[in-house]
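This report concerns only the one structure given below.
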Amino acid sequence: MSIHVFGIRHHGPGSARSLRRALEELRPDCVLVEGPPDANDVIKLITHPQMEPPVALLIHAADNPKRAVYYPFAVYSPEWQALHHAQTNNVPARFMDLPQALRMANRPNEDDDDYRGPRADPLKFLAEAAGYSDSERWWEHMVEERREGTEIFHAILEAMTALREAIPEPRRGFEREREAYMRQTIRAAEKEGAQRVAVVCGAWHAPALVSPGPAKDDAALLKPLAKTKVQVTWVPWTYGRLTFESGYGAGVEAPGWYHHLWTEERHVTVGWMTLVARLLREKDLDASAAHAVEAVRLADNLAALRSRPIPGLPEMMDAALAVLAHGNEVPLKLVRQKLLVGERLGRVPDDVPTVPLHQDLARLQRRLRLPPDPEPREIDLDLRKPNDLERSHMLHRLELLGITWGEELEVTGKSGTFHEYWRLEWEPELSLAIIEASRFGNTVEDAAAAYVRTHQVTQADLPRLTELLQKSLLASLPDAVHAVMERLESAAALASDVSLLMDALPPLVNVLRYGNVRQTDVTVVRHVVDGMMARITIGMPGACTSLDDESAEEMLERMLAVHNAVALLREETHLESWQALMQTLMEQRTLHGLIAGRACRILLDARRMTSEEAARRLGLALSTASEPPAAAAWLDGFLRNSGVLLLHDVELWNVVDGWLHGLQPQAFTTLLPLLRRTFSTFTPPERRQMGERAKHSGPGAPRLQVVEGVDPARAELVLPVITTLLGLEVRRGG
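Here the sequence shown is numbered in the numbering used here, starting from 2 and rising by one per residue.
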């Protein structure tokens with residue numbers, strides 16, 4: 002038997018091209034490839050018509066899907082080309098690395114090092130000896146950019162042999178066991194009668210596999226290893242997940258560039274500059290055919306100056322920057338994202354071994370015309386349209402299951418009742434999330450409903466239950482909603498903490514307000530909201546007594562959330578009880594100024610209090626009888642997030658202005674952080690107008706007064722004419 006070892010770099014187009022030629026010359030009768038033997042049964046799918054790299058083998062522990070590892074492949078990966086050659090020529094092929102069934106059993110609490118984490122780089126010694134500071138660039142120049150010849154594998158074997166003799170063995174998990182298993186696999190092929198065995202492995206391992214030698218030591222090394230059950234499937238992958246930046250230990254710098262090197266055998270420079278120019282033109286940037294020609298010439302000249310046989314990636318990018326990007330780095334960022342890396346998404350056959358949940362999701366994606374896409378994109382769902390409503394249900398169900406394909410965005414410019422905005426971005430790792438979620442059911446709807454029923458039983462926190470109810474309604478899971486409602490009623494009846502009730506109310510109000518638009522029955526929620534609102538009204542005065550500054554801030558946030566919920570609900574009974582509660586709070590002597598100020602503001606906005614009365618109460622709060630910190634807290638609660646009131650109400654302006662001018666320097670310095678926080682919530686135009694008005698105020702300046710008998714509407718009609726005549730800008734409210 003003759004053993005032919007081909008040391009390669011994972012995901013190297015030059016290695017792949019040279020390997021393909023070498024295999025065609027050798028015509029092996031057995032092909033062994035570095036990879037997990039657990040996946041030998043799915044090698045045959047490589048030549049399936051629907052299989053399109055980049056793809057990855059996903060191997061996970063049968064009893065713990067979170068314990069998983071990926072083996073990615075691109076079309077230019079040497080391992081992929083070796084297996085593809087074997088399949089198309091009916092040559093037996095198998096993986097020969099240490100099985101994941103052994104790795105996971107003997108390292109159950111650690112991440113595998115095949116996909117995650119950086120690795121030691123022994124090639125840096127060869128790169129430094131050749132005058133390169135970057136081993137990646139050295140390997141690319143020596144191997145990946147080669148256009149022909151197979152003699153490179155002899156040079157790689159010789160270099161790796163010398164390297165392994167000169168430097169210590171890199172400390173990596175299962176390194177010795179891995180090479181022992183590879184040698185055992187080679188011996189097994191020999192026993193089966195193979196005469197010409199092609200061994201494809203990482204360059205570092207090549208010297209250890211040339212002469213397998215006696216099996217005794219390897220068998221002894223592997224014998225103590227335990228074994229666990231694993232499951233294997235193919236999943237789509239992306240070029241973005243092949244980069245170093247993604248955390249992939251065997252990653253490359255520019256997967257898109259390597260794809261170009263693989264597909265463009267002759268006119269590499271011309272083809273690349275054409276791609277760059279086309280991309281820039283699509284973004285309405287100036288990149289003509291003449292620019293592309295000049296960039297090609299510059300890249301060739303740079304390669305000659307740098308003693309390179311052909312332009313490499315540095316020459317390409319330098320030429321593109323100088324000519325096509327006109328020296329501007331910004332367009333080059335687009336080139337790096339779209340071309341150097343690229344977000345090409347692979348495809349696997351429909352009949353690939355996978356969980357039923359994954360198959361159901363694929364059917365939904367096809368039926369709803371919402372295919373997975375690695376490029377981030379935003380979609381606008383009109384919930385009045387049946388297809389968009391179904392899309393919304395599917396995305397909310399996936400969100401419940403932890404399959405975060407989409408992120409719901411805030412709707413602006415359209416009715417939030419009828420529209421949802423989503424940002425979608427499919428990531429390969431979602432395949433693992435689907436496998437994890439499959440324990441809840443075989444379809445997306447059944448799994449989401451089972452998830453809700455499972456979690457509502459163990460959930461005792463009232464706000465979390467209401468959030469779960471809201472998500473269940475948005476996902477259109479009626480049976481699960483019924484189960485959550487029963488649990489929610491019990492929890493609400495037993496809850497005595499007003500803060501929990503206040504936290505739980507807004508999600509329920511959202512359910513009442515928006516649920517029917519999504520064609521869900523929410524009448525069962527109404528009596529729960531009524532009961533919670535009554536208990537909040539009764540318990541809030543006591544809950545607001547003797548609060549410190551931190552507790553007052555927390556209570557204010559809850560108070561504003563409940564106020565917005567009551568306003569959203571638009572029920573007169575709840576509005577009346579809420580406003581009566583605000584009146585009660587203002588009369589409490591031990592109430593924190595922050596809460597008292599906001600209560601006064603709520604009543605003023607609801608027109609349950611006149612501006613004169615508000616000014617009187619503000620004056621009392623800011624009087625010399627009040628401590629400056631307490632007065633500033635009252636002002637903060639009254640004005641936070643809105644300076645319009647202060648600008649348009651002259652009486653309130655005069656009260657605040659007089660109080661500020663009356664503060665002693667030391668008190669003003671103490672209060673300044675609080676005042677700055679309050680005024681920072683105003684919009685820039687509001688602050689600018691306040692500054693202009695403040696220029697004309699002060700102890701000696703005349704106080705602004707309200708002139709009786711003026712019709713503001715008629716005065717507004719005159720202002721444009723006066724502005725035109727005098728060439729002045731109208732300053733409203735001043």
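For each residue, glycine too, the CB sits at the ideal point set by N, CA and C. Small disclaimer: the values here were computed from a predicted structure and weren't measured.
Distance between beta carbons of Leu84 and Arg197, contact taken as under 8 Å: Not a contact, Cβ separation roughly 17 Å.
Assumed close pair Gln185, Ala163 - CB separation to whole angstroms, cut-off 8 Å: The Cβ separation is near 26 Å, so there is no contact.
Contact belief for Ala204 with Ile157 at Cβ below 8 Å, rounded distance in angstroms: 5 Å
Contact between the stretch 353 to 370 and the stretch 322 to 329 is defined here as three or more beta-carbon pairs at a separation below 8 Å; is this criterion met? no
Which same chain residues end up closer than 7 Å to Leu103 when comparing Cβ atoms and leaving out the 5 residues on each side of it in sequence? Leu226, Lys228
Rounded to whole angstroms, what's the CA-CA distance from Ala130 to Leu46? Just pull it up for me. 43 Å
From Tyr240, Phe175, Arg385, Ser500, pick the residue whose C-alpha is nearest to that of Met533; which is it? Ser500
Verify whether the separation of the beta carbon atoms of Leu506 and Ile537 is less than 8 Å. yes
Local Cβ density within 10 Å of Lys472, reported as buried at 16 or more and exposed below that: buried
Mind checking which residues open and close the beta strand (DSSP E) that includes Trp238? From DSSP, Trp238 is part of no beta strand (DSSP E); its letter is neither H nor E.
Less than 8 Å between the beta carbons of Val526 and Leu570, yes or no? no
Report the CB separation of Ala597 from Leu605 in whole angstroms; it is logged as a contact under 8 Å. Their Cβ separation, rounded to whole angstroms, is 13 Å, which puts Ala597 and Leu605 out of contact at 8 Å.
N-terminal and C-terminal residue of the alpha helix (DSSP H) that Asp606 is part of: 594 to 606
Please classify Val722: is it buried, with 16 or more other beta-carbons within 10 angstroms of its beta-carbon, or exposed? exposed
Can you list the alpha helix (DSSP H) stretches of 4 or more residues lying completely in the stretch 616 to 646, in chain order? 629 to 640
Entirely within the stretch 287 to 342 and at least 3 residues each: give me those beta strand (DSSP E) ranges in chain order. none
Give me the Cα-Cα distance between Glu80 and Glu468, rounded to the nearest whole angstrom. 48 Å
Around the Cβ of Gln1, are there at least 16 other Cβ atoms within 10 angstroms (buried) or fewer (exposed)? A query on residue 1 cannot be resolved here, the shown segment of the chain reaching from 2 to 735 and no further.
From what residue to what residue does the beta strand (DSSP E) around Ser3 run? 3 to 9
Can you give me the start and stop residues for the beta strand (DSSP E) that Lys67 sits inside? 65 to 74
Just to confirm the assignment, what range does the beta strand (DSSP E) spanning Phe96 have? 94 to 96
C-alpha gap between Asn107 and Trp235, whole angstroms: 24 Å
So who's on the other strand from Gln232, going by DSSP bridges? His61
Once you ignore the five residues that flank Met274 on each side, which residues in its own chain have a CB closer than 6 Å to its CB? Ala293, Ala296, Val297
When you compare the stretch 710 to 720 with the stretch 668 to 684, are there three or more beta-carbon pairs, one atom per stretch, that lie closer than 8 Å? no
Under the three-state DSSP convention, the category His394 falls into: helix
Tell me, to the nearest whole angstrom, how far the beta carbon of His397 is from that of Leu475; I am working on the premise that it is less than 8 Å. 4 Å
Limits of the alpha helix (DSSP H) - the one that Tyr182 falls within: 176 to 192
Quick check on DSSP: helix, strand or coil for Thr546? strand
Secondary structure, beta strand (DSSP E): runs of 3+ residues fully inside the stretch 21 to 62: 31 to 34, 56 to 62
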